[in-house]
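Mapping of the sequence shown onto the numbering used here: position 53 corresponds to residue 313, and the numbering continues sequentially without gaps.
Ideal Cβ positions, reconstructed from N, Cα and C, are used throughout, including at glycine.
Written below as structure tokens is the structure these notes are about.
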Amino acid sequence: MRPRAMATDLKRIYVARSLDEAISEAAFQMQVEELLDLTGWLHHHAHDSRRSDSGLPDLIAVRPPRALFLELKTQRGRLRKGHQPGDIVRRPDGTRRVVRRFEPGQVEWIEALRACPGVETWVFRPSDWPRIVEILNDGRIAVD
Ligand SMILES: [Mg+2]
Numbered sequence: 261m262r263p264r265a266m267a268t269d270l271k272r273i274y275v276a277r278s279l280d281e282a283i284s285e286a287a288f289q290m291q292v293e294e295l296l297d298l299t300g301w302l303h304h305h306a307h308d309s310r311r312s313d314s315g316l317p318d319l320i321a322v323r324p325p326r327a328l329f330l331e332l333k334t335q336r337g338r339l340r341k342g343h344q345p346g347d348i349v350r351r352p353d354g355t356r357r358v359v360r361r362f363e364p365g366q367v368e369w370i371e372a373l374r375a376c377p378g379v380e381t382w383v384f385r386p387s388d389w390p391r392i393v394e395i396l397n398d399g400r401i402a403v404d
């Protein structure tokens, strides 16, 4: 490869990485939901999760015979573990509460779902985009 072509490729990789790191989870989720629409999935996201138990993956998508649970993360976002009784956690409004029973987090939900045959559970990050297209599209539409 010529040095100039290599420099262009490196620049492209750098720009792509920067974009992946700049995208918010909400913007990434909109992209994924658009792709779910385009590829014919029924999908659901609980918009206000403040009054729900935590940990359930962000999106549920069904296109028989496939059922998917999708956890979306920013490029550097971490999966959260559950809370043990006695832990003190902060509510979205800033107040604190003491955990009374075990509360599963994202890790526990994902591990449990991955142990269920027939259910696909994925953790997607912005840099996974080509793979996400492959997984959701499943050969249904031509994507460049
Ligand atoms: Mg998420």
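According to DSSP, is residue i part of a helix, a strand, or is it coil?
i: I370; result: helix
i: R391; result: helix
i: A287; result: helix
i: L296; result: helix
i: L396; result: helix
So, using beta-carbon positions, are residue i and residue j closer together than 7 Å?
i: L319; j: L330; result: yes
i: L342; j: P364; result: Sequence check: residue 342 is Gly here, not Leu. Yes, these two residues count as a Cβ contact at 7 Å.
i: V359; j: P377; result: no
i: P386; j: D280; result: yes
i: W382; j: L316; result: no
i: L339; j: E285; result: no
How far does the beta strand (DSSP E) with residue i in it extend, from its first residue to its last?
i: T381; result: 379–384
i: A306; result: Element bounds for A306: n/a, residue is neither H nor E.
I need the boundaries of the alpha helix (DSSP H) containing residue i, first residue and last residue.
i: I273; result: 263–282
i: F329; result: Where F329 is concerned, there is no enclosing alpha helix (DSSP H), although the beta strand (DSSP E) it sits in stretches over 326–332.
Does the Cβ of residue i have 16 or more other Cβ atoms within 10 Å, making it buried, or fewer, making it exposed?
i: T362; result: A small correction: the amino acid at residue 362 is Phe; Thr does not occupy that position in the sequence shown. Per the 10 Å Cβ criterion, exposed.
i: I273; result: exposed
i: D388; result: buried
i: V275; result: exposed
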